[in-house]
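Input: a single structure, listed below in structure tokens.
Residue numbers (UniProt numbering): 1 to 595.
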């Protein structure tokens, strides 16, 4: 039998096993009847539908400059599509390596005030008593908050490059890739913690004896007891890995894994031509999906901005929940532009100074000035209508930054200290006068009265925390009735997108409140944050200014609304704010049967 004949036999078996003759016959019959103009294009489409699912062939990572001039990472993913490796998409990392904003504690302003009074400055002031307040540098302290993820390009590259080989060859299916990433993250975390544990607890001195039994070259290792161990039977205490180290390792691995999870989902979305949120519809396990309410940030007045006001990390404006979505967005944007003009007219150039994120940072000296300018602008722009009749407010307070744990007081403005009761009374007044629907971090995690604060405010607005270390702590604090929900950092709280969806199910079962940022991380204003906020079931999405890149999120939400058919049942448009009205004992008393 000739070699050529054997090759023909192998070829026949190969094509028949893959049903090629049968598919060719079907295709030729269809083409004869349809007679398409582009014969080869028709054939490509036909066989493309029969090809294997797309699989990851390569993921490239390279350091690049972010839009703010800091180092970040650009990723390029290629997949095998119809038997050929093709570049699918490029995604820039959510974060860059800029240093975190320095949060100054109350002690710093006290030190400055002390120097103005003549104390602690080393001068010849009348007050010769030594100032116990530390100097300015020493007074820059960090409250024991949930540690923010500090992005390091080299560490991120190392972690992701360790994960990528396990993804190459995987089918581009979100659930499969997320399961693989979750297992990798847990394995790498355990290995890293074990290494750290061994560094903290080095092994005892050992004695090595060679050539004793076993295979050739085997060694026998015996522990040499220390003098102290002969005198006592107690085992020496082992040094445990600190909670801070565990948190840092976990967040670093989560952020790397989450980025790869998002990258694979974005690639499939690009390949299929579907919105990103549709990649997770099956795992969301929700009958109705809701477009989150956009909370548009107007300005920031806190310890890292000019002025004396400390307590407004961000002020966000929302349209009323029963308003038309498009009209509501347009009204808020109209108010924002009028507010910017009013600041310039009243305070000049200092009124419209912006930070690196594009947020207005007006130099207010009193908190009351903030609401005064807002209400006056609303009346002038909307025919004397009151602000609270048209808009709602979410106030990101950031109370941890200006709480003095020794005095147990809050420095709302420089030189103005308020007790917890005074701050609560102030909140209640503002809620009633200006329709505040949510407060973010309205009290310090170090305030022993935070439970009382929650009980006083939860009947009037939502209490959201940005300081919870994860979903378990959020659920625990919701059960203890100290918060109503959380500000989600998905790349820190979970290792994959699918895991985030699963972890949020208990929160939604408790009717918890979820908020996301459109400025996802520090770099990328992306419509992806809108997709994920829909999948995660967020109540609110913070939009970082309605101008520039921040307008992308608003426009994308409007596009989604306009693209939906009238009878669409996927999205629930009914919006309402339901605050907690009773404490658990009262609820139990109401529900208990009357004997």
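Beta carbons are placed, not taken as given, at the ideal position from N, Cα and C, and that holds for glycine.
Give me the residue from 81, 50, 71 with the minimum Cα distance to residue 57. 81
Between which two residues does the alpha helix (DSSP H) harbouring residue 257 extend? 243 to 272
Could you check the C-alpha separation between residue 577 and residue 437 for me, to the nearest Å? 8 Å
DSSP three-state label for residue 13, please. helix
If distances are taken between C-alpha atoms only, which option among 63, 453, 310, 333 comes closest to residue 417? 310
State the DSSP-derived secondary structure class of residue 21, mapped to helix, strand or coil. helix
DSSP three-state assignment for residue 74, whether helix, strand or coil: strand
Specify the secondary structure class of residue 580 as computed by DSSP and reduced to three states. coil
Rounded to a whole number of angstroms, what is the C-alpha to C-alpha distance between residue 72 and residue 65? 6 Å
For residue 468 versus residue 295, is the C-beta spacing smaller than 8 Å? no
With distances taken Cα to Cα, identify the nearest neighbour of residue 339 among 481, 379, 365. 379
Kindly indicate which three-state DSSP category residue 388 falls into: helix, strand or coil? helix
Starting from residue 88 and walking both ways along the beta strand (DSSP E), at which residues does that stretch end? 84 to 92
Could you tell me whether the segment 30 to 41 touches the segment 4 to 20, where touching means 3 or more Cβ pairs closer than 8 Å? no
Can you tell me the Cα-Cα spacing of residue 459 and residue 95, whole angstroms? 37 Å
Nearest to residue 528 by CA position, among 312, 35, 556, 313, is which residue? 556
Going along the chain, which residues of its own chain have a beta-carbon closer than 6 Å to the beta-carbon of residue 47, five neighbours each way excluded? none
Quick one: what does DSSP say residue 7 is sitting in, helix, strand or coil? helix
Relative to the C-alpha of residue 466, which residue among 442, 539, 319, 450 is closest? 442
Which of helix, strand or coil does DSSP assign to residue 175? helix
If you drop the 5 nearest sequence neighbours on each side, which residues of the same chain put their C-beta closer than 8 Å to that of residue 246? 193
Residue range of the unbroken beta strand (DSSP E) whose run includes residue 294: 293 to 302
Smallest Cα separation from residue 186: which of 168, 170, 255? 255
Could you tell me the boundaries of the beta strand (DSSP E) in which residue 635 lies? This structure leaves residue 635 out entirely; the chain is present only between 1 and 595.
Let me know the secondary structure DSSP gives residue 480 once reduced to three states. coil
Any chance you could list the alpha helix (DSSP H) runs of at least 4 consecutive residues sitting entirely within the segment 486 to 540, in chain order? 490 to 493, 497 to 509, 528 to 536
To the nearest angstrom, report how far apart residue 10 and residue 268 are at their CA atoms. 36 Å
Taking the straight line between their C-alpha atoms, what separation do you get for residue 385 and residue 403? 36 Å
Among 319, 499, 304, 365, which residue has its Cα nearest to the Cα of residue 354? 304
For a test of the three-state rule: what should DSSP assign to residue 317, helix, strand or coil? strand
Taking contact to mean 3 or more Cβ pairs, one atom from each stretch, closer than 8 Å, check whether the segment 317 to 324 and the segment 509 to 519 are in contact. no
Is it true that the CB of residue 292 sits closer than 8 Å to the CB of residue 539? yes
Please report how far the alpha carbon of residue 67 lies from the alpha carbon of residue 580, in whole angstroms. 42 Å
Contact check, residue 181 vs residue 78 under 8 Å by CB: the rounded distance? Actually they are not in contact, since the Cβ atoms of residue 181 and residue 78 sit about 18 Å apart, beyond 8 Å.
On a Cα-Cα basis, can you pick out the residue from 343, 60, 476 that is closest to residue 86? 60
In the DSSP assignment, find the beta strand (DSSP E) that holds residue 419 and state where it starts and stops. 416 to 419
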